[in-house]
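So the protein lines, in turn, are chains A and B. Numbering-wise (numbering that gives the first Met the number 0), the first sequence opens with residue 0 and increments by one. Numbering-wise (numbering that gives the first Met the number 0), the second sequence opens with residue 0 and increments by one. Note that the Cβ used here is the ideal one computed from N, Cα and C, for glycine as well. Accompanying notes for the structure given below.
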Amino acid sequence: MEIPYAVKPRPDTGVYNAKLGMWLFLASEVMLFGGLFSAYILLRVGAPEGTWTQGLLDIRLGTINTVILAFSAVTTLLAWAACKVRDFGKFKMWHGLTILLALVFLGIKSYEYRDKFSHFQIRKADGTYVDGHIAGSKYVDAAGQEREIHHGFRGKTFTEGEKEFTLASVTLNGYEAETLKEINQPERGHKHEHKDITVPAAEIKKIGNYGPAHNTFTAIYFTMTGLHALHILGGVLVIAYFWGPGSKMWHTEPDRFTNRIEVSGLFWHFVDLVWIFLFPILYLT
Amino acid sequence: MDDLKPSDLGSYTRRCFYVFFAVICGTALMVAASLSPISSSGLRISLILVIAAVNATLVATFLMHIVTEKRFVLVVLAFTAIFFVALIGLSSYAQHDVPAIVAPR
């Protein structure tokens, strides 16, 4: 059975069906991200004084990712234009470049995530804080045997074989702070001097990394960028399919294939649009 | 852009790169604004968001071809915009919708 209006536009809508379908899907996506953006606004405006984290994210990495995604939006468009003028070789080149750029974007995002999971904050029993990247942690078992974990933390206790190790101390490469505000909202232009600080387990009231459970900022940061990264991943899988096995259609139905590239390109531009707003609200404000 | 001809490809490619460079300039301006000594955080954030909106408009208008899109699609997008503005507007309004505290008798 032939699918109607896969190539020619429908007379009543003026566009072929897949394109209308994609626009309707993007409309629902606007509402999905709109809900998260409004949640961000409410969380940020409602955050008690000094608790909203600012300056945590690396602006340089965010800027590089913005440039990468903006360039990939151009390459996906040029891939479609190459299909339009029947240049399959150029299509392969531009679409291949889009895939490469998307993978670089995801690589940088993964690096940023990894950095947050190795960034710890300790609340000490005296109410002060130590903040920084994990340099190491020391554990001791019942027989007094020590075990050192370099650049890692394995919780308050962990078992290995039959031995149970208990946390003895944690070393962070960071700085000490009297209040949470000093960490979350440092004065503009101020950089904390970093050094190795070892905190004995007895002095630790609370310890945790900057994962989603750390505070409301990291929760909304991971939710929004994680959902966006899933969109990138989904998009790159579709683009890779059209670049690889799906490109067979070019030889039998080039117009329909060109429309597929246009529709996947629309999705890709939407992903770029979302990042255009995510970057300033999370990294710059 | 349904009728892109081989003779138009050069100018079309140039236009894509102009938009790309405009977005890069907008991004650089946003970063500069975030690092600028503007003391009012409200003004700084507004400035950054206005530049982001300009960047988004450029991408939507020229790269997503909204400028040449069919009327039916524009109607769908208009409804989306109305619902989006309502969603953000209601959320912002809700911040002020705090129950009045009544002193106990």
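At least 8 Å separates the beta-carbon of residue 213(A) from that of residue 171(A).
If you draw a straight line from the Cα of residue 137(A) to the Cα of residue 223(A), it comes to about 35 Å. With the rule of 3 Cβ pairs closer than 8 Å, the region 234 to 253 of chain A counts as touching the region 90 to 98 of chain A. Rounded to whole angstroms, the Cβ separation of residue 134(A) and residue 195(A) is 5 Å, and the two are in contact under 8 Å. Listed in chain order, the non-local C-beta contacts of residue 162(A) below 6 Å within the same chain comprise 140, local neighbours out to five positions each way being set aside.
Residue range 16 to 45 is occupied by the alpha helix (DSSP H) that includes residue 37(A). For the pair of segments examined, the region 24 to 36 of chain A was found to touch the region 262 to 277 of chain A: the number of CB pairs separated by less than 8 Å reaches three. Taking a 10 Å sphere around the C-beta of residue 49(A), we find fewer than 16 other C-beta atoms and assign the residue as exposed. Secondary structure of residue 215(A) (DSSP, three-state): helix. About 5 Å separates the Cβ atoms of residue 202(A) and residue 123(A), confirming a contact at the 8 Å cut-off.
Of all residues in the region 8 to 19 of chain B, those with a C-beta nearer than 9 Å to a C-beta of chain A are 8, 11, 12, 15, 16, 18 and 19, reading in chain order.
Cβ neighbours of residue 149(A) within its own chain (closer than 6 Å, five residues either side excluded): 135. Taking 9 Å as the cut-off between beta carbons, the residues of the region 237 to 266 of chain A near chain B are 261, 264 and 265, in sequence order. Per DSSP, residue 199(A) lies in no alpha helix (DSSP H); the unbroken beta strand (DSSP E) holding it starts and ends at 194 to 199.
Identification of chain A residues near residue 58(B) by a Cβ-Cβ cut-off of 7 Å yields 72, 268, 271, 272 and 275, ordered along the chain. The C-beta distance from residue 94(A) to residue 80(A) rounds to 11 Å, too long to meet the 8 Å contact threshold. With a 10 Å radius around the Cβ and a threshold of 16 neighbouring Cβ atoms, residue 207(A) comes out exposed.
Taking a Cβ-Cβ cut-off of 7 Å, the neighbours of residue 91(B) in chain A comprise 40, given in sequence order. Each of 166(A), 130(A) and 154(A) was checked against the Cα of residue 190(A), and the nearest Cα belongs to 130(A).
Excluding the 5 residues flanking it on each side, residue 53(B) has same chain C-beta neighbours closer than 7 Å at 25, in chain order. Relative to residue 40(B), the option among 175(A), 176(A) and 184(A) whose CA is nearest is 184(A). Taking all protein chains shown into account, residue 275(A) has 16 or more neighbouring C-beta atoms within 10 Å of its C-beta and is therefore buried. Contacts with chain B at 8 Å (Cβ-Cβ) do not include residue 198(A).
Under the three-state reduction of DSSP output, residue 139(A) falls in the strand class.
Looking at the DSSP output, residue 61(B) bridges to nothing. Residue 156(A) has its alpha-carbon roughly 32 Å from the corresponding atom of residue 53(A).
The criterion of a C-beta distance shorter than 8 Å is satisfied by residue 270(A) and residue 234(A).
One alpha carbon belongs to residue 67(B), the other to residue 110(A), and they sit about 39 Å apart. In its chain, beyond the 5 residues on either side, 18 and 22 have a beta carbon closer than 8 Å to the beta carbon of residue 58(B).
By the Cβ test, the region 10 to 19 of chain A is in contact with the region 59 to 79 of chain B, since at least three Cβ pairs between them sit closer than 8 Å.
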